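Under the UniProt record's numbering, residue 499 is the last one in the sequence shown; the count climbs by one each step, no gaps.
All residues carry an ideal CB built from backbone N, CA and C; glycine is no exception.
The structure displayed is predicted, hence computed values, not measured ones.
Structure, as structure tokens:
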Amino acid sequence: MTDRPTRIALLGKPHEIWPVAALLARNLPPRIALVIIEDAGAQEESAALTIPADHRFHHQLGITAGDLVLRCNGTIGLGTDCIGWQGEGSRFFAARSGELPRLNGVALHQIMLRAALMRREPEKLAYLFQPFRFAARAAMAGKLAGPVDDAQSPLRLLGPTVQCDRADYAALLQAQCRAVGIEPREGRPVDLARAPGSEAIASVRLEDGEDIAADLFIDASGALANLADDDGETGFGSLSANLAFDRIIAGPGAKPGDSGHTVARALPGGLLLETPLGQGQRSELLFSSTAMDEETALALVGGDKGSSPFAAGHAERPWTGNLVRMGGAAGRFGPYQSADMLALYEQALRLVEWLPVNAAMAIEARGYNRGQSEAIAEIRDFSLLPFLLNGRTDAPWAAMREARPPESLQMRIDQFASRGRFLPYEHALLDDQSWIDLLIGFGVVPRRHDPLAASLDMPRIAPILRQMVAAFTAAIDAMPTQAEYRAQCIEAAEDGAGR
1 MTDRPTRIAL LGKPHEIWPV AALLARNLPP RIALVIIEDA GAQEESAALT
51 IPADHRFHHQ LGITAGDLVL RCNGTIGLGT DCIGWQGEGS RFFAARSGEL
101 PRLNGVALHQ IMLRAALMRR EPEKLAYLFQ PFRFAARAAM AGKLAGPVDD
151 AQSPLRLLGP TVQCDRADYA ALLQAQCRAV GIEPREGRPV DLARAPGSEA
201 IASVRLEDGE DIAADLFIDA SGALANLADD DGETGFGSLS ANLAFDRIIA
251 GPGAKPGDSG HTVARALPGG LLLETPLGQG QRSELLFSST AMDEETALAL
301 VGGDKGSSPF AAGHAERPWT GNLVRMGGAA GRFGPYQSAD MLALYEQALR
351 LVEWLPVNAA MAIEARGYNR GQSEAIAEIR DFSLLPFLLN GRTDAPWAAM
401 REARPPESLQ MRIDQFASRG RFLPYEHALL DDQSWIDLLI GFGVVPRRHD
451 PLAASLDMPR IAPILRQMVA AFTAAIDAMP TQAEYRAQCI EAAEDGAGR
């Protein structure tokens with residue numbers, strides 16, 4: 001290994017290496033060579049993504065929502081329709097949302113909580129709060145618009161998502177790499193060699209016998225990490241009790257979908273995700289092999305390929321020595337809310353902050369591990385929250401509700417259950433409003449409201465609240481339909497490509 005590393009090898013499956021490769025290609029200095037080893041022979045599930053349209057990962061790459069819609073068989077939505085999580089017939093639309101307006105400095109959910117407690121009907125909090133959930137109301141009305149900078153406009157509350165084909169998405173990012181001369185090798189690591197007198201990896205051997213030497217290795221899918229055998233150094237923590245599914249399967253869907261948004265359908269023994277695309281849809285099913293058989297799973301997704309093992313969990317210290325574990329090599333949270341891809345974004349964004357590295361890499365590894373751990377914890381907690389709060393009585397759902405959650409998630413739930421507020425994450429990825437909506441929607445009712453809410457004259461503010469709801473309704477009525485907004489995004493992308 002040289003004093004100043006000059007060669008990075010990135011290995012993994014297509015959908016996991018190309019997001020990392022595209023970001024590295026934009027950020028590496030010219031003296032550092034990037035070698036891509038694509039495991040193209042790996043069985044890739046037919047899958048879809050539901051990702052924030054305005055994610056900073058795409059800003060860094062110069063990719064717009066229109067580009068994703070146009071080139072990745074995509075469409076635009078506002079979130080995920082959660083069906084059956086609280087029992088058969090239940091429904092909650094989980095939408096990203098900016099902070100709702102306050103009245104005299106008091107959050108709206110605190111005002112509605114006071115109203116519910118005054119009526120001695122705390123269980124009515126979600127019902128009273130629903131008219132103020134602007135993004136969810138727009139989604140259920142089939143309307144959509146992009147967020148605006150106008151602080152007075154309800155449109156600023158919207159956080160559109162892009163639903164796209166995962167393989168097409170990987171191809172888009174691969175095209176960016178090829179545009180700057182980066183071409184992949186195909187192969188899979190079968191062995192590795194250590195540097196003399198060191199635990200550092202000197203080279204990896206591919207299936208065809210070729211040896212790939214590098215100063216830094218990045219494993220995005222797990223094949224190299226399995227060979228390296230970390231002996232507990234990564235601090236891997238299992239989430240198998242919190243996300244008690246052990247199989248995953250995907251397909252084109254058993255029947256055409258009738259929703260413009262991703263649907264997360266809780267079923268006996270599993271969770272079925274149905275994601276509409278520009279053309280067709282993709283279905284993914286997480287299930288427990290003790291509660292659902294393979295034949296039933298295949299029928300639900302309309303596929304012809306069998307299921308694969310699934311184990312939820314993540315590494316606290318994914319960078320050890322000169323090996324950085326990312327994506328599936330660092331852990332999995334599953335396809336709900338596209339948590340695995342969101343985690344990969346944060347890992348890639350934080351990695352480029354620490355490049356180029358010194359030969360020892362110890363300082364960079366510690367800094368990276370600390371930074372990514374905070375981000376991954378937030379993604380983990382937000383994606384696990386509805387599983388923990390589900391109201392189903394069948395296995396394995398009931399067991400997930402009883403499982404002990406990560407400490408940070410339990411603390412956030414306890415804080416909100418106490419008085420409707422919580423401490424923010426140090427570098428929050430999600431607006432607090434998205435958390436508040438989900439907590440209330442899944443049945444968490446704070447025991448007491450903010451003391452400031454007690455100072456409000458409730459009869460006096462009632463007309464103001466009605467005016468706010470009416471303004472939200474008028475804004476939704478004036479918004480384009482989901483199909484119209486998608487067409488606008490495509491037109492903007494085509495205009496941009498033509499310039």
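Residues of its chain near residue i, where Cβ-Cβ distance is below 6 Å and the 5 sequence neighbours each way are ignored
i	result
A228	L323
T257	At residue 257 the sequence reads Gly, which differs from the Thr that was named. Within the same chain, G257 has close Cβ partners E274, P276, Q281.
N27	V352
Local Cβ density within 10 Å of residue i, reported as buried at 16 or more and exposed below that
i	result
T2	For T2, the predicted structure reports a pLDDT of 48, less than 50, and the residue's modelled location is therefore unreliable. The matter cannot be settled from this model.
D477	exposed
H59	exposed
R120	exposed
V301	buried
H427	exposed
N226	exposed
R460	exposed
E123	exposed
D450	buried
M112	buried
V204	buried
A483	exposed
V180	exposed
M458	exposed
L423	exposed
Q174	buried
D383	Contrary to the premise, residue 383 reads as Ser rather than Asp in this sequence. Result: buried.
D219	buried
M118	exposed
residue 500	Outside the displayed span of the chain (1 to 499) sits residue 500, for which this structure offers no information.
D67	buried
Selected residue, minimal CA-CA separation from residue i, among the options
i	options	result
R96	M112, L430, A453, M468	L430
R31	I182, E16, T6	T6
G99	A454, Q152, L438, D432	What sits at residue 99 in the sequence shown is Glu, not Gly. The candidate whose alpha carbon is nearest that of E99 is D432.
A126	P147, S90, A151, P101	S90
S434	T393, M479, P386	P386
A475	L158, D495, A462	L158
A151	A175, H15, P101, M458	P101
G391	F57, G87, A53	G87
L108	I436, I490, R486	I436
P463	L239, I63, L103	L103
A171	F93, D495, H15, P396	H15
A311	K305, G328, E295	G328
7 Å Cβ shell around residue i - same chain, five flanking residues per side excluded
i	result
R380	H314, F333, P406
E233	R317, T320
A330	H314, A315, P318, Q347
A48	Q163, C164, D165, R166, T275, L277, R282
G367	W354
H55	Y345
Other residues of its chain near residue i: CB distance less than 8 Å, five sequence neighbours each side excluded
i	result
V241	Checking the sequence shown, residue 241 turns out to be Ala, not Val. A399, M400, A403, R404.
residue 541	No statement about residue 541 is possible, as the shown extent of the chain runs from 1 to 499 and does not include it.
S283	A250, G251, P252, G253, A254, L272, L273, E274, T275, L300, V301, G302, G303
S259	D81, E274, P276
V35	R7, I8, A9, L10, R185, I212, A214
residue 513	In the structure as shown, the chain starts at 1 and stops at 499, and residue 513 therefore has no counterpart that could be examined.
N369	E316, R317, P318, W319
Contact between the region 19-28 and the region 341-353 (3+ Cβ pairs under 8 Å): Contact between the region 19-28 and the region 341-353 is established, with three or more Cβ pairs separated by less than 8 Å.
Segment contact flag, the region 444-453 with the region 414-428, C-beta cutoff 8 Å, min 3 pairs: They touch, by the three-pair rule.
Any 3 or more C-beta pairs closer than 8 Å across the region 62-74 and the region 278-294: Counting Cβ pairs under 8 Å, three or more are found: they touch.
Meets three-Cβ-pair contact criterion under 8 Å: the region 78-95 and the region 26-40: The region 78-95 is not in contact with the region 26-40.
Runs of alpha helix (DSSP H) lying entirely within the region 377-412, each at least 4 residues, in chain order: Runs of the alpha helix (DSSP H) spanning 4 or more residues and lying entirely within the region 377-412 occur at 397-402, in chain order.
Cβ contact check for the region 334-343 and the region 371-380: 3 or more pairs under 8 Å: Yes: at least three Cβ pairs fall under 8 Å.
Complete runs of the beta strand (DSSP E) confined to the region 258-283 [at least 3 residues]: As far as the region 258-283 is concerned, its whole beta strand (DSSP E) runs of at least 3 residues are 262-267, 270-276.
Residue ranges of each beta strand (DSSP E) within the region 305-341, 3 or longer: The qualifying runs are 313-315, 323-325.
Length at least 4, wholly inside the region 101-139: the alpha helix (DSSP H) runs in chain order: Complete alpha helix (DSSP H) runs here, min 4: 108-118, 125-129.
Three-pair Cβ contact test at 8 Å for the region 139-147 versus the region 166-173: Fewer than three pairs of CB atoms, one per stretch, sit closer than 8 Å, so the region 139-147 makes no contact with the region 166-173.
Within the region 36-69, ranges of the alpha helix (DSSP H) (whole runs, at least 4 residues): You should have 56-61.
Complete runs of the alpha helix (DSSP H) confined to the region 176-216 [at least 4 residues]: Listed in chain order, nothing qualifies, since the region 176-216 has no complete alpha helix (DSSP H) run of 4 or more residues.
Every unbroken beta strand (DSSP E) within the region 148-177, with a cutoff of 3 residues, ordered by chain: Runs of the beta strand (DSSP E) lying entirely within the region 148-177, each at least 3 residues long, are 161-165 in chain order.
Ordered list of alpha helix (DSSP H) runs contained in the region 451-494, each at least 4 residues: Correct list: 458-478.
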